[in-house]
Amino acid sequence: MRIYRVMLTALCALLLVWTSTVNADDATSGEDALKWWVDRAEHGGPKMQYGLGQLYAMGNPALGIQQDDTQAAVWYQRAAEQGYADAQFALGQLYEDGHGVARDERTALAWYRKASEQGHPVAREKILAAEAAPAPPASAAPAPATAEGRSLMSVVTSTLFLNRTNFWDWWQGALALAFVTLAFWWVMRAPLGVSSSWDRIVHWREEEEYARKQRAMFERGDELKDAMLAETIAQFGKEAVAKMLAQQRKDAAKAAAARGADRRQIPWQAHVTFLAMMMIGGLLASVMRGEFHLQLGLGADYARLFGSGPHIWVLLLTGGFLVGFGTRMAGGCTSGHGLSGCSRLQPGSLVGTAAFFGTAVVTSLILEKLI
Amino acid sequence: MKNHLRSHIFLGLFGLLMGMSLTFIGFADFGELHRMLVFADLRLLLVFAGGVMVSMIGFAVLARGQKLPRKPLHKGTVAGGILFGLGWAITGACPSVALVQLGEGYLPALATMCGIAIGAWVYRWAQTRYFHWDTGACEV
């Protein structure tokens, strides 16, 4: 039974790795990513064209796309002509502001009207505003509410349908995380949780002590058992005892299967293997993505928020301490609480995840405001 | 001993799988994580929520009628979560991601790893000495 599980898990893992290489080929460098996007937009529907238009409108250095309103207008136009409301609205805005196209309020209003007819709320506001004040040009006041409405809308729609990074699509990632969570439990008979691996490794001395005591207990237990067995054989004869022992073994196996394996049976050294292979997985995957570089920072965004230099090592050490202490105190981390706990609706996990996620959001927003 | 070799192989494979998945998802990329936390890009949020949803269905099917370890609410849950959230936002790392970051070539993740090890050690010391909470770790 167990061998089927392992084989099935390995098969799924292979499939997962295979999909990842497909994706890595698609978008290894910025230029390739752009090509891939243009290809998708050419052959895909208006959603993809609108997405590429957005990439041009905002510019995306990671994908090697320069901000370019003319290109944005071209792609918005293609999507808008196929009746895609968000693109119609975005194109209207370009016409209203004269970005990438000649400024033309009439055309802007025409596109707003089309979007509004499909229920685009911000476009409807634009139309209402234009109808209320026909004489003064509506473009005189680029209402801030409108800009906000657009960015919120575009954030929601574009993240639901589009992937602006060269990482996996959200659904691929979701399947991968769920696969790891479920397969881990299925094969190991213990819920996935990485912070407890750390806990057991840093307490390796106590682990050794525990294992030693357990061994001693078993040995003493065996002595007792042998004595009792000899006594029973003397009383009932060999055959009866053999039958009884066979029955006992069967019962014990059944009980063990029902209870699942004791987590303690996994030696702490195997947790070292677990964490070490996680690191090697990161290495392997980043080489496959063609993005492996040794660096003394944590990337451009980290440098923007915290600067660069030796002080970030101190900051990371402190932050790491909070992570180690906090996850053990809360009884789990992103994997133990967030994935395997939340999906089993464990009260501690739901509250714990809300607490760490909420705090991280608030902290990040404050950091963003301060800088 | 044969049993132990098996633990090494299985846990090693799962570690590899997890490290690779986290890299391909972009969970170990500080910028990506930060954009999720300030809601500038919801992709990772959907990854996570989707992962939980699919796992929920999976557990309902695979683990029907089985007893799994519980994760009870105790006095340290919220406080610990807050400390972890703070650390997560400034390091971009949860306990698995710190290792994946190092694997990806981000050397300062070594500092995060040291911090995590020290933090986990200090917590158990404080728990046995002062807190004595029931964290559900004593059951199988």
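So the protein lines, in turn, are chains Y and V.
Per this note's numbering, the first sequence runs over residues 785 to 1155.
Per this note's numbering, the second sequence runs over residues 40 to 179.
Built from N, CA and C at the ideal position, the CB exists for glycine as well.
Computed from a prediction, not measured in an experiment: that's the story for all the values here.
Check                                                                                                                                                                         : Outcome
Check the Cβ of Y169 (chain V) against every Cβ in chain Y and list those closer than 7 angstroms, keeping chain order.                                                       : Near Y169 (chain V) there are no residues of chain Y at all, since even the closest Cβ is about 12 angstroms away, more than 7 angstroms.
Please list the terminal residues of the continuous alpha helix (DSSP H) segment that includes Q1019 (chain Y).                                                               : W988 to F1020
Alpha carbon to alpha carbon, what distance is there between Q166 (chain V) and F1058 (chain Y)?                                                                              : 25 angstroms
Nearest to L818 (chain Y) by alpha carbon, out of Y:L839, Y:Y834 and Y:W895?                                                                                                  : Y:L839
Report all residues from its chain with a CB closer than 8 angstroms to the CB of G1005 (chain Y); omit the five preceding and five following residues, and keep chain order. : none
Does the beta carbon of L1106 (chain Y) come closer than 8 angstroms to any beta carbon on chain V?                                                                           : yes
Hey, how far is the Cα of M1113 (chain Y) from the Cα of T116 (chain V)?                                                                                                      : 6 angstroms
Whole angstroms are fine: how far does the CA of G104 (chain V) sit from the CA of G144 (chain V)?                                                                            : 44 angstroms
Straight-line CA distance for T812 (chain Y) to H73 (chain V)?                                                                                                                : Note that T812 (chain Y) has pLDDT 48, beneath the 50 cutoff, so the model's placement of it is unreliable and no number is given.
Any Cβ of chain Y within less than 8 angstroms of the Cβ of R109 (chain V)?                                                                                                   : yes
Taking 8 angstroms as the cut-off, decide whether the C-beta atoms of A128 (chain V) and T151 (chain V) are in contact.                                                       : no
With H, G and I counted as helix, E and B as strand and the rest as coil, what does DSSP make of Q851 (chain Y)?                                                              : coil
Specify the secondary structure class of Q838 (chain Y) as computed by DSSP and reduced to three states.                                                                      : helix
When the Cα of L1082 (chain Y) is compared with those of V:M57, V:G51, V:A67 and V:L85, which residue comes out closest?                                                      : V:A67
Any idea if A925 (chain Y) is buried or exposed, counting beta-carbon neighbours within 10 angstroms, 16 or more meaning buried?                                              : At A925 (chain Y), the pLDDT of 44 sits below 50, so the modelled position is not reliable; the number obtained from the coordinates is stated separately. A925 (chain Y) is exposed by the Cβ-count criterion.
Is Y868 (chain Y) helix, strand or coil when you go by DSSP?                                                                                                                  : coil
Looking only at its own chain, which residues have a Cβ that is under 6 angstroms from the Cβ of W172 (chain V), when we skip the five neighbours before and after it?        : H113, K114 and G115
How many angstroms separate the CA atom of Q140 (chain V) from the CA atom of A1084 (chain Y)?                                                                                : 14 angstroms
Tell me whether the beta-carbon of A1054 (chain Y) lies closer than 8 angstroms to the beta-carbon of L50 (chain V).                                                          : yes
How many Å lie between G1116 (chain Y) and G977 (chain Y) at the Cα?                                                                                                          : 7 angstroms
Quick one: give me the first and last residue of the alpha helix (DSSP H) that K910 (chain Y) is part of.                                                                     : P905 to A916
Do you know offhand how far G1110 (chain Y)'s Cα is from V86 (chain V)'s?                                                                                                     : 23 angstroms
Can you say whether Q1031 (chain Y) is buried or exposed, counting buried as having 16 or more other CB atoms within 10 angstroms of its CB?                                  : exposed
Return no unless some Cβ of chain V is closer than 8 angstroms to the Cβ of Y834 (chain Y).                                                                                   : no
Are the segment 1069 to 1078 of chain Y and the segment 988 to 1000 of chain Y touching by the rule of at least three beta carbon pairs closer than 8 angstroms?              : no
To the nearest angstrom, report how far apart W859 (chain Y) and L1123 (chain Y) are at their CA atoms.                                                                       : 39 angstroms
For the putative contact between L1099 (chain Y) and G158 (chain V), defined by C-beta atoms under 8 angstroms, what is the C-beta separation to the nearest angstrom?        : That belief does not hold up - the Cβ atoms of L1099 (chain Y) and G158 (chain V) are roughly 14 angstroms apart, past 8 angstroms.
In or out: D983 (chain Y) buried (at least 16 other Cβ within 10 Å) or exposed?                                                                                               : buried
When burial is assigned at 16 or more other CB atoms within 10 Å of the CB, is K831 (chain Y) buried or exposed?                                                              : buried
Should A958 (chain Y) and V93 (chain V) be called a contact, given that it needs their Cβ atoms to be closer than 8 angstroms?                                                : yes
Could you check whether F1090 (chain Y) and G29 (chain V) sit closer than 8 angstroms to each other, using their CB atoms as the reference points?                            : The structure shown does not extend to residue 29 (chain V), since chain V is modelled only from 40 through 179, so no value can be given for it.
Measuring straight from C-alpha to C-alpha, what distance separates G89 (chain V) and T1143 (chain Y)?                                                                        : 21 angstroms
Use the C-beta contact count for D870 (chain Y): other C-beta atoms within 10 angstroms, 16 or more gives buried, fewer gives exposed.                                        : buried
Which residues bound the alpha helix (DSSP H) around V1071 (chain Y)?                                                                                                         : W1052 to M1072
Taking the alpha carbon of Y834 (chain Y) as the point to measure from, which residue in Y:V822, Y:C1126 and Y:A863 has its own alpha carbon closest?                         : Y:A863
DSSP state of Q877 (chain Y), grouped into three classes?                                                                                                                     : helix
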